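Participant: Numbering (our numbering), first residue to last: 359 to 638. Ideal Cβ positions, reconstructed from N, Cα and C, are used throughout, including at glycine. Bear in mind the structure is a predicted one, so any value in this text is a computation, not a measurement.
Right under this line is the structure:
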């Protein structure tokens with residue numbers, strides 16, 4: 359299937375990014391949230407430049423969507439790079455306490471530096487940054503222990519910056535999802551589309567569903583498709599499989615078959631599947 363490159367940089371993201379970069383001057387700690395299924399594809403290439411030497415807490419959300427062994431592989435990979443990833447399932451509140459403690463620890467260091475300069479301590483100012491739909495708002499609601507910001511599993515729900523108080527020690531800035539203005543890595547862009555971490559207007563469902571099948575074949579996870587649809591995926595391309603699925607189950611309706619396949623992956627109906635593994 360041929361279609362234009364996947365690109366998505368709507369006006370509200372461009373506007374929010376400009377405001378966010380101004381607010382970052384006030385921030386002490388950055389919570390960077392990525393999708394645990396695709397932690398490399400959801401790394402913003404400009405984030406390191408934006409935050410400079412500020413403290414950063416790396417959160418890999420959607421822990422419930424990946425196998426335990428893959429989680430362990432990523433933990434080791436990041437550890438080798440002197441980073442500590444905090445795995446969370448924000449929808450169900452798993453891993454939140456460890457994130458809170460990490461932010462508090464970073465805040466304590468910040469206030470110690472203030473005391474050393476003869477200044478009074480203050481609440482740590484933190485911000486949650488990440489691609490659309492990686493679970494930032496759900497994480498914030500868990501940190502607050504109440505529903506304060508709107509949360510939904512689709513891209514583009516949060517559109518404005520907003521400060522909220524977590525406790526007497528932590529203030530938090532909720533920001534809309536940020537994306538590079540241009541997605542040069544189209545393989546990464548396909549993964550964003552598969553995981554619903556980019557607006558649906560940016561891509562063709564049939565192309566993305568076929569790419570998902572091809573990716574599962576590369577990962578040697580064709581059995582997930584076999585178990586779900588009782589249709590062998592070991593031969594042919596992802597496009598071939600989509601046509602066979604539409605013929606078998608959906609009266610040759612390719613769009614319906616594509617949407618169903620993508621929804622099954624996104625809801626975890628195909629099982630816990632990590633689309634990325636640590637390099638090397």
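Looking at residue 419: is its Cβ nearer than 7 Å to the Cβ of residue 535?
Facilitator: On the chain shown, position 61 is the one that residue 419 refers to. On the chain shown, position 177 is the one that residue 535 refers to. Not closer than 7 Å, so no.
Participant: State the DSSP-derived secondary structure class of residue 469, mapped to helix, strand or coil.
Facilitator: Numbered from 1 along the chain shown, position 111 holds the residue referred to as residue 469. Helix.
Participant: So, at 6 Å on beta carbons, what are the nonlocal neighbours of residue 428 in its own chain, with the 5 sequence-adjacent residues on each side left out?
Facilitator: For this step, residue 428 is matched to residue 70 along the chain shown. Excluding positions up to five away in sequence, the list reads 632.
Participant: Does the Cβ of residue 423 have 16 or more other Cβ atoms within 10 Å, making it buried, or fewer, making it exposed?
Facilitator: Against the chain shown, residue 423 aligns to sequence position 65. Flag for residue 423 reads buried.
Participant: Using the three-state DSSP reduction, which class does residue 380 fall into: helix, strand or coil?
Facilitator: Residue mapping note: residue 380 aligns to position 22 of the chain shown, counting from 1. Residue 380: helix per DSSP, three-state reduction.
Participant: Can you list, in chain order, the residues of its chain whose CB lies under 8 Å from that of residue 591, leaving out five sequence neighbours each side?
Facilitator: For the purposes of this step, residue 591 is identified with residue 233 of the chain shown, where counting begins at 1. Here the set comprises 571, 574, 575, 580, 583, 584 and 599.
Participant: Put residue 621 into one of helix, strand or coil per three-state DSSP.
Facilitator: Taking the first residue of the chain shown as 1, we reach residue 621 at position 263. Helix at residue 621.
Participant: Less than 7 Å between the C-beta atoms of residue 417 and residue 391, yes or no?
Facilitator: Locating residue 417 in the chain shown gives position 59, where the first residue counts as 1. Locating residue 391 in the chain shown gives position 33, where the first residue counts as 1. Cβ atoms of residue 417 and residue 391: closer than 7 Å.
Participant: For residue 405, which residues from the same chain have a beta carbon less than 7 Å from its beta carbon, with the 5 sequence-adjacent residues on both sides left out?
Facilitator: Taking the chain shown and counting its residues from 1, one reaches residue 405 at position 47. Here the set comprises 390 and 487.
Participant: Indicate the three-state DSSP secondary structure (helix, strand or coil) for residue 521 in the structure shown.
Facilitator: Walking along the chain shown from the start, residue 521 turns up at place 163. Strand.
Participant: So for residue 453, helix, strand or coil by DSSP?
Facilitator: Here residue 453 corresponds to residue number 95 of the chain shown, with the count starting at 1. Three-state DSSP puts residue 453 in coil, outside helix and strand.
Participant: Is residue 567 closer than 7 Å to residue 616 when the C-beta atoms are compared?
Facilitator: Taking the chain shown and counting its residues from 1, the one referred to as residue 616 is at position 258. Taking the chain shown and counting its residues from 1, the one referred to as residue 567 is at position 209. Yes.
Participant: Do the CB positions of residue 549 and residue 396 come within less than 7 Å of each other?
Facilitator: Numbered from its first residue, the chain shown carries residue 549 at position 191. Numbered from its first residue, the chain shown carries residue 396 at position 38. The answer is yes: Cβ separation under 7 Å.
Participant: Exposed or buried, residue 593, counting other C-beta atoms within 10 Å across all chains shown (16 or more means buried)?
Facilitator: Here residue 593 refers to the residue found at position 235 when the chain shown is read from its first residue. So residue 593 counts as exposed.
Participant: Determine the DSSP secondary structure at residue 419, reduced to helix, strand or coil.
Facilitator: Against the chain shown, residue 419 aligns to sequence position 61. Of the three classes helix, strand and coil, the one that applies to residue 419 here is strand, per DSSP.
Participant: Per DSSP, what are the beta-bridge partners of residue 443 in this structure?
Facilitator: The residue labelled residue 443 in the question sits at position 85 within the chain shown. Answer is 416, bridged to residue 443.
Participant: Could you give the first and the last residue of the continuous alpha helix (DSSP H) run that contains residue 571?
Facilitator: Here residue 571 is taken as the residue at index 213 of the chain shown, counted from 1. Unbroken alpha helix (DSSP H) run through residue 571: 563-576.
Participant: Looking at C-beta atoms only, is the number of pairs between the region 520-529 and the region 539-554 that lie closer than 8 Å three or more?
Facilitator: Output reads no: the region 539-554 does not touch the region 520-529.
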